Amino acid sequence: MKTVFFYGGTDIRVEESSIPQPGPGEALVRVRAAGVCGSDLHNYRGNRPATSQVPWQQGHELAGEIAALGPRVSGLEIGQRVAVEAEHLLGCGNCRWCSQGQNQLCPNRSLINGEKHSSHGFSQYDVCVAENLHPIGDHISFAEAALLDCYACGVHAMNRSPVPDGETAAIIGAGAIAMTLGQILKASGSCRVVMIGTRPEPLQIAVASGAADETVCLADQNPVEATLALTGGEGAAVTFETVGGTSQLIAQAASMTRRGGSVSVLGLFTAPQEIDPALAMQRELTFRWSNSFSSWPAGPASVRNSEYVTALELMEAGKLQPRPLVTHEFGIGEIGEAFAAADSKSTSGAIRVMVIP
Ligand SMILES: [Zn+2]
Ligand SMILES: [Zn+2]
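The sequence shown begins at 820 in this note's numbering and counts up one residue at a time.
Spelled out as structure tokens, the structure:
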């Protein structure tokens, strides 16, 4: 099979390797689509050293067909179309956080019986833990299903910082995380979403795909002034920051959030951030970070819903519009082009780039 190996930075190679065998509780998946995530680009851009040994594999937003089943797997069949929940979010199962269903906070995340797990979507086959496989309906394409990882991040951010019905949410950013979050907010409640982006084209897609009601384009508008103007001078009830990086976007988010409101941080920042404590005190703001997803309490104390499954149910019910967010598709032999398109979204116009291995 063909597999992509990452040697650091832009050194990405497609190599032949043997098809792995699923062990107990595992299944072999023929990967049919894998998204290039912003986190896949950190090392590519030289922002993060390789932590695993070189070369390594990646691709954690994937979907495909079950090609083989290992021993002790029930409820799945060969040939079934499945969305794959990323393996780096597997919890150890024993710690305080795992016992509360908060696998995303597990200090030994992705370590099962001492073995490190991760998903390898940029490969023709990947061995997956069977419990992370979720059958999908025929009306959902593999590329759409590969977006469920993003949608689940949106479900988690919404659960942590709910937007009151009838109120306004501001979203800083117009990438895949912003778009999927906007669609989740609109599909789950009755809030208004204002999306803030640098270029008009993605903002048009946001409105057309139901991710935003109104947009603010940085090319010709000040984001704080525009958001205040759209909310009668009050500011948004919740401002979601999805960009991260080095700019002072948490302070900007606070400035456009109303009294008693919340700032929800999904973006990964690589530079220290300053906030104005006097403003935060005056407005009694709540700041919450939102890291990936796992499960969330549903009614009775002991019941928790998988946030990935919540996203899948919304997609199955036709309440999300993933198709317009998949702007580019590349074969596995074009992995370099795929990463280049994902890396320079302003020239490629990419929202989510898919690799079709
Ligand atoms: Zn991702
Ligand atoms: Zn744990």
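Ideal Cβ placement from N, Cα and C applies to all residues, glycine included. Please read these numbers as outputs of a predicted model, since none were measured by experiment.
Closest Cα partner of residue i within the set the options
i: I1175; options: S960, N1124, C925; result: S960
i: G1052; options: A1038, T1076, I1154; result: T1076
i: G1155; options: A964, R832, M820; result: R832
i: G1080; options: E904, T1065, A1056; result: A1056
i: A1027; options: T1017, E1153, T999, Q1040; result: T999
i: C925; options: D859, N1110, S1167, D1039; result: N1110
i: T1058; options: Q1023, P874, A997; result: A997
i: L1087; options: Q877, A1136, G857; result: G857
i: P1021; options: L1037, D1039, G994; result: G994
i: H936; options: E906, G889, V1082; result: E906
i: G1054; options: V1062, T1065, R1078; result: R1078
i: S1083; options: I955, A853, P1096, T1061; result: T1061
i: P874; options: D830, P1119, V1128, A962; result: D830
i: V855; options: S938, G1063, E1153, H879; result: H879
i: E963; options: E950, A1130, S893, N932; result: A1130
i: D957; options: A1157, A1136, T1166, G1152; result: A1136
i: S1125; options: V901, N932, S938, N951; result: N951
i: V1128; options: D968, S1121, R1018, G865; result: D968
Contacting residues, own chain, Cβ-Cβ under 8 Å from residue i (five flanking each side not counted)
i: I1094; result: I1069, A1070, A1073, F1106
i: A1006; result: G1029, L1133, K1138, L1139
i: Q1067; result: Q1092, E1093
i: A887; result: Q840, P841, A846, L847, I897
i: Q876; result: T822, V823, F824, F825, S937, H939, F941, S942
Minimum Cβ-Cβ distance from residue i to chain C less than 8 Å
i: C969; result: Annotation note: the requested chain C is absent from the structure, which comprises a single protein chain.
Distance between residue j and residue i (C-alpha atoms, nearest Å)
i: Q1101; j: P1091; result: 23 Å
i: S1112; j: L1049; result: For clarity, residue 1112 is Phe in the given sequence; the question names Ser instead. Near 30 Å, if we compare the C-alpha coordinates of L1049 and F1112.
i: E884; j: E845; result: 14 Å
i: H975; j: G1150; result: 31 Å
i: A1115; j: Q919; result: First, the amino acid is wrong: residue 1115 is Trp here, not Ala. W1115 and Q919: Cα-Cα distance of roughly 9 Å.
i: N927; j: C914; result: 9 Å
i: W916; j: N922; result: 6 Å
i: L966; j: P1141; result: 7 Å
i: Y970; j: A1117; result: 18 Å
i: G1008; j: E986; result: 10 Å
i: L1104; j: L1098; result: 8 Å
i: S1165; j: P1119; result: 46 Å
i: G933; j: Q872; result: 16 Å
Chain-order list of residues whose beta-carbon lies under 6 Å from that of residue i (same chain, five-residue window excluded)
i: H1147; result: A1160, A1169, V1172
i: I1015; result: I991, V1035, P1042
i: A1031; result: G1001, V1012, M1014, A1025
i: C947; result: A846, V848, V903
i: I838; result: M820, Y944
i: S836; result: T822
i: Q899; result: I885, P954
i: P890; result: P843
i: G973; result: T999, L1000, I1003
Neighbourhood of residue i by C-beta, 7 Å cutoff - its chain only, sequence neighbours within 5 removed
i: L794; result: Since the displayed the chain opens at 820 and closes at 1176, residue 794 lies outside it and no answer follows.
i: V850; result: L881, G883, G940, S942, Q943, Y944, D945, P1176
i: L1004; result: M977, V982, A988, C1010, V1012
i: A1045; result: V1035
i: A949; result: G844, E845, A846, V892, L895
> Where the beta carbon is closer than 5 Å to any heavy atom of ligand 2, which residues qualify, in chain order?
Replying inline: G910, C911, C914, C917, C925
> At what residue ranges does the region 885-943 contain a whole run of the alpha helix (DSSP H), taking only runs of 4 or more?
Replying inline: 915-918
>> To test your reading of the DSSP string, which unbroken beta strand (DSSP E) runs of 3 or more residues are found completely within the region 1099-1146?
In response: 1105-1108, 1114-1116, 1123-1125
>> Beta-carbon distances below 6 Å to any heavy atom of ligand 1 define the shell here; list its residues in chain order, please.
In response: C856, S858, H879, E880, D968
>> In chain order, what are the residue ranges of uninterrupted alpha helix (DSSP H) at least 4 long that sit wholly in the region 1006-1031?
In response: 1019-1027
>> What ranges does the alpha helix (DSSP H) occupy inside the region 954-978, keeping only unbroken runs of at least 4 residues that lie completely in it?
In response: 961-965
> What runs of the alpha helix (DSSP H), each 4 residues or longer, lie entirely inside the region 1151-1175?
Replying inline: 1154-1162, 1164-1167
>> Please give me, in chain order, every unbroken run of the beta strand (DSSP E) with length at least 3 that falls completely inside the region 1054-1104.
In response: 1055-1060, 1076-1084
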